[in-house]
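One structure is given below, encoded as structure tokens.
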Amino acid sequence: MSALLEVRHVSKHFDLHVQNNKRIPALEDVSFDLAPGEIVGLAGKSGSGKSTLMKCIYRTYLVNAGEIILHPSEGPPVDLVTADEHEVLRLRRTEMFYCSQFLSVIPRVPAVDIVADSLRRRAGDTTAATDTARHLLGQLGLPTELWDAFPATFSGGEQQRVNVARAIIAGPRFLLLDEPTASLDVKTKDVVIDLFLELKARGTAIVLITHDPHT
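Shown next as structure tokens:
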């Protein structure tokens, strides 16, 4: 099966200008392929560069060397290292989603609207997207009285449920998951794992970071 993502000889360092340009190496010559319907787990101790690699793939960080080639569903392959910002934003809307450990959203937007947003933009059906968002939030155990509340007031576990739901609702081709079950109880972790496996079965490629042995 041909690769959806090709990571080739990626290196990344950080220069600390306030400390006389001290250089901190983060990644050195990292290469791997990711096929549709495949899960790749990034393992290693804290500080080993797992989240840095994920942010380089998502283009939050610029790499110092190497290529990160994404094969979109339409059009030619794109090197995320050299692509312009408009192309990267387009691919984030249509091809990939990054689920971090922390929920970062526009304030005073109800949870159900946050979750429904990506599906609404892709499918154009507001009612269906909202119904799907409610169903997902119910599956993940978020109390119904919180669906129309603002996530800034939620606990860490409640915010994580919203984060997971918004990551998977539109069925992205490529999903980046950074500790997606860290704040969840065991029952909800099982639900989340099943949802990820459903996406995998439908062809979603996943890069996963977790220290949770349950995952």
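Sequential numbering of the sequence shown, starting at 34, is according to the numbering used here. By construction, the Cβ of each residue, glycine as well, lies at the ideal position given by its N, Cα and C atoms. Remember, predicted model here, so these are calculated numbers, not experimental data.
Inter-residue Cα distance where the pair is residue i and residue j
{"i": "L175", "j": "T163", "result": "15 Å"}
{"i": "S1", "j": "P213", "result": "Nothing in the structure corresponds to residue 1, since the chain is present only between 34 and 248."}
{"i": "T93", "j": "I201", "result": "20 Å"}
{"i": "R108", "j": "E120", "result": "The displayed chain sequence assigns Gly, not Arg, to residue 108. Approximately 12 Å, taken between the alpha carbons."}
{"i": "K88", "j": "T177", "result": "33 Å"}
{"i": "E118", "j": "G80", "result": "28 Å"}
Contacts around residue i, its chain only, beta-carbon distance under 6 Å, and the 5 residues preceding and following it disregarded
{"i": "D66", "result": "A36, E39"}
{"i": "G70", "result": "K233, G236"}
{"i": "H104", "result": "L37, P110"}
{"i": "I102", "result": "E39, P110, D112"}
{"i": "I90", "result": "I101"}
Beta carbon of residue i nearer than 7 Å to that of residue j
{"i": "L56", "j": "G99", "result": "Here residue 56 turns out to be Arg, not Leu, going by the sequence shown. No, they are not a contact pair."}
{"i": "G190", "j": "S216", "result": "yes"}
{"i": "V43", "j": "L136", "result": "no"}
{"i": "A203", "j": "R126", "result": "no"}
{"i": "L208", "j": "F130", "result": "yes"}
{"i": "E301", "j": "R206", "result": "Here the chain has residues from 34 to 248 only, and residue 301 is not among them."}
{"i": "V224", "j": "Q172", "result": "yes"}
{"i": "K45", "j": "A59", "result": "yes"}
{"i": "D314", "j": "S84", "result": "No statement about residue 314 is possible, as the shown extent of the chain runs from 34 to 248 and does not include it."}
{"i": "T160", "j": "R153", "result": "no"}
Close beta carbons around residue i, own chain, < 7 Å, minus the five adjacent residues each side
{"i": "V145", "result": "T163, A166, R167, L170, W180, D181"}
{"i": "F229", "result": "I239"}
{"i": "V63", "result": "V40, V43, L86"}
{"i": "I147", "result": "V138, P184, V195, R199"}
{"i": "E61", "result": "S44"}
Three-state class that DSSP yields for residue i in the structure shown
{"i": "V73", "result": "strand"}
{"i": "H50", "result": "helix"}
{"i": "V253", "result": "Because residue 253 is not part of the residues shown, which for the chain are 34 to 248, the question remains open."}
{"i": "V145", "result": "helix"}
{"i": "E39", "result": "strand"}
{"i": "N178", "result": "A small fix is needed here, since residue 178 is Glu in this sequence, not Asn. E178: helix per DSSP, three-state reduction."}
{"i": "P58", "result": "strand"}
{"i": "K83", "result": "helix"}
{"i": "A238", "result": "strand"}
{"i": "F229", "result": "helix"}
{"i": "K78", "result": "coil"}
{"i": "I90", "result": "helix"}
{"i": "I139", "result": "coil"}
{"i": "S151", "result": "helix"}
{"i": "D164", "result": "helix"}
{"i": "L122", "result": "helix"}
{"i": "L169", "result": "helix"}
Nonlocal neighbours in the same chain, by C-beta distance under 8 Å from residue i, ignoring five residues either side
{"i": "Q192", "result": "F135, L136, P184, S216"}
{"i": "T47", "result": "Here residue 47 turns out to be Phe, not Thr, going by the sequence shown. These residues qualify, in order along the chain: R56, I57, A59."}
Query raised in the report: So, do the stretch 73–82 and the stretch 108–128 have three or more beta carbon pairs nearer to each other than 8 Å?
Result: no
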